[in-house]
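Residue numbers (our numbering): 113 to 758.
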């Protein structure tokens with residue numbers, strides 16, 4: 113795991129070095145640079161910068177950029193190629209010579225053999241830049257699921273790229289400005305889908321895509337797309353046995369490392385599956401890390417800490433267990449630090465938990481496995497069950513009419529009873545409000561945190577009451593899954609949006625904030641290809657989500673771990689907003705401050721704050737999003753990000 117950055121165009125070595133140094137936290141072990149011109153007389157060329165976190169081949173031979181035998185192809189890579197031993201053996205048989213044992217070196221030789229088609233052979237998590245000096249072109253590639261980030265921008269006629277936006281901002285041609293299109297998505301969904309970012313003119317290379325940069329410009333192409341082809345021929349037991357075998361293979365494949373590794377552990381099904389397989393394949397010592405929150409505050413906030421379940425599983429497997437009990441009094445200090453590392457506003461308390469886990473693990477391990485991707489693979493989110501139920505109800509006109517009738521009065525029902533949030537009532541209100549709509553409109557309603565009315569009122573200074581429905585990215589992916597059943601269509605959408613732009617983004621950034629590599633074995637290529645053939649009814653059932661995964665884990669995990677109520681790897685944000693973050697909310701979401709920024713209507717924000725305090729409206733997620741945006745804006749736009757404390 114590393115950090116990469118580069119320039120195609122006019123390369124100033126000093127600027128290139130600054131871009132690389134800005135990624136020092138991602139790769140504290142070593143640094144490397146490469147600069148060349150397109151021709152001896154050309155002022156244009158390419159510059160590559162690499163910050164190294166040594167995981168495989170710790171020697172100097174693994175220093176990047178890595179080159180082929182004659183130096184005409186050079187690569188910098190962030191990530192791991194899990195099937196590199198097989199690829200390396202094949203390439204050696206073809207006559208290629210390796211100078212290191214680094215997994216990244218297979219890229220230069222595989223490119224010599226196959227060109228861009230090599231991407232189809234890679235099983236791993238990666239973002240790389242490869243310079244082909246003979247063809248004078250730069251190839252940028254990103255893994256299937258977007259586990260590793262790769263940003264790009266154009267500045268002063270140059271094409272720039274980097275693992276983090278902070279590195280791009282070191283180039284004088286890039287000025288930090290808010291992307292208003294991204295802001296529309298953010299207010300609705302609390303994250304910005306690829307390829308957009310909250311920075312105007314800065315984009316993400318899409319997962320499963322590559323880009324070719326040369327003097328003709330930059331061209332993009334897809335090399336992989338999720339394919340869901342349910343196979344109805346196998347019995348449930350055959351699926352269970354096959355899945356169990358694939359899980360073990362995926363975890364074993366991702367245990368390769370020349371440094372100590374552990375697991376980021378919540379006590380839930382997904383991370384529990386990874387832990388069980390780590391134990392099953394015989395890993396001799398496992399360090400497990402989780403985050404707990406004070407029980408009283410967690411209960412008041414409507415969230416239950418996973419730590420008690422994590423403790424029980426840790427005892428069962430005899431792991432070296434480390435529990436971080438978060439002190440919420442430190443929130444005002446830690447939130448700006450987390451947001452600085454994320455580059456973008458991402459209002460998910462899971463990012464705070466992930467940051468704390470990596471902070472504790474630093475020094476003991478360099479690699480943490482996690483359960484990220486399980487919900488998107490097997491259907492674990494509330495909206496997966498909601499779309500299945502909505503699609504079923506829409507078969508009866510009377511059911512649709514009934515939903516419309518009860519929608520309006522239910523909207524006035526409070527979401528707090530006796531000072532405590534009622535999750536069931538909150539979800540019921542949301543379901544009824546959207547289930548009677550067309551399937552896509554209803555599903556987007558399930559996913560959103562601000563409806564059309566909220567967005568129109570909040571964003572009035574920018575859009576003056578005009579429609580600001582931020583659906584284009586979602587609709588494109590929805591249409592691409594037109595031949596799928598509702599559950600798989602929702603999973604297909606998540607794989608392109610929520611997974612890379614939300615979950616994987618914060619997992620990578622918070623891990624690399626402390627030079628910790630986060631691996632996601634549930635997103636192994638071979639495992640995904642297998643799971644994509646499992647019928648939808650074995651993933652989401654009426655009374656059980658992730659059904660087939662849980663059945664495959666019976667005997668490996670205790671019943672209470674498999675079938676307890678799902679809780680997020682998050683925190684009691686509703687309680688925090690009215691206690692530990694109350695002063696920060698008052699300061700950053702003050703009417704005068706909001707008027708100065710000019711993005712949000714101060715009166716609309718004030719109404720949200722009052723609604724959250726009274727419990728009449730489930731405003732905490734949206735309020736936390738506005739607070740996170742304000743912290744991000746203060747850090748990157750107002751004060752100058754270079755002065756921010758990492």
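The beta carbon of each residue, even a glycine, is placed where N, CA and C say it ideally should be.
As the structure is a prediction and not an experimental result, all values here were calculated from the model.
Contact belief for residue i with residue j at Cβ below 8 Å, rounded distance in angstroms
i	j	result
residue 737	residue 618	About 14 Å; that fails the 8 Å criterion.
residue 355	residue 664	4 Å
residue 554	residue 600	That belief does not hold up - the Cβ atoms of residue 554 and residue 600 are roughly 17 Å apart, past 8 Å.
residue 233	residue 204	So it is not a contact: roughly 15 Å between Cβ atoms.
residue 425	residue 673	6 Å
residue 398	residue 390	6 Å
residue 322	residue 262	Contact flag wrong, Cβ pair sits at about 10 Å.
Spatially closest choice to residue i from the options, by CA coordinates
i	options	result
residue 676	262, 269, 492	492
residue 670	541, 716, 385	385
residue 162	139, 668, 154	139
residue 703	511, 522, 717	717
residue 637	363, 297, 114	363
residue 469	360, 621, 282	621
residue 431	422, 438, 632	422
residue 369	475, 688, 193, 714	193
residue 250	722, 256, 241, 353	241
residue 496	190, 650, 264, 572	650
residue 456	466, 182, 303	303
residue 609	224, 316, 721	316
residue 511	548, 485, 271, 521	548
residue 300	563, 604, 714, 607	563
residue 490	188, 627, 351, 185	351
residue 244	711, 260, 254, 147	147
residue 309	295, 616, 444	295
residue 734	570, 641, 246	570
residue 264	256, 254, 280	280
residue 238	220, 191, 660, 642	191
residue 252	402, 631, 272, 246	272
Residue environment, residue i, which counts as buried when at least 16 other CB atoms sit within 10 Å
i	result
residue 132	buried
residue 121	buried
residue 482	buried
residue 655	exposed
residue 747	buried
residue 793	An answer regarding residue 793 cannot be provided, because it is not within the stretch 113 to 758 covered by the chain.
residue 115	buried
residue 681	Bear in mind that a pLDDT of 49 at residue 681, under 50, signals an unreliable position, so the model cannot answer this.
residue 258	buried
residue 546	buried
residue 393	exposed
residue 437	exposed
residue 504	exposed
residue 136	exposed
residue 277	buried
residue 629	buried
residue 740	buried
residue 517	exposed
residue 218	buried
Opposing strand residues paired with residue i [DSSP bridges]
i	result
residue 631	481
residue 162	116, 144
residue 157	121, 149
residue 185	244
residue 192	237
residue 331	324
residue 267	270
residue 306	The partner list for residue 306 (beta bridge, DSSP) is empty, contrary to what the question assumes.
residue 543	Answer is none; residue 543 lacks a bridge partner.
residue 311	290
residue 463	For residue 463, which the question treats as bridged, DSSP gives no partner whatsoever.
residue 432	399
Check: residue i C-beta below 7 Å from any heavy atom of the ligand GTP
i	result
residue 245	Among the components of this structure there are no ligands whatsoever, and the ligand GTP is therefore not found.
8 Å Cβ cutoff, residue i in contact with chain C
i	result
residue 340	This model lacks chain C altogether, as it is built from one protein chain only.
Which whole runs of the beta strand (DSSP E) in the stretch 466-510 are 3 residues long or more, in chain order? Whole beta strand (DSSP E) segments, 3+ residues: 479-481.
Minimum length 3: unbroken beta strand (DSSP E) runs contained in the stretch 361-426: Contiguous beta strand (DSSP E) elements confined to the stretch 361-426 occur at 373-376, 399-404, taking only those with 3 or more residues.
List, from N- to C-terminal side, the alpha helix (DSSP H) runs of 4 residues or more that fit wholly inside the stretch 723-753. Correct list: 732-745.
Where are the alpha helix (DSSP H) runs, 4 residues long or more, that stay fully inside the stretch 644-706, in chain order? Listed in chain order, they are 659-665, 671-675, 685-689, 694-700.
Mind listing, in chain order, the continuous alpha helix (DSSP H) runs of no fewer than 4 residues lying wholly within the stretch 589-642? Complete alpha helix (DSSP H) runs here, min 4: 598-608, 616-624.
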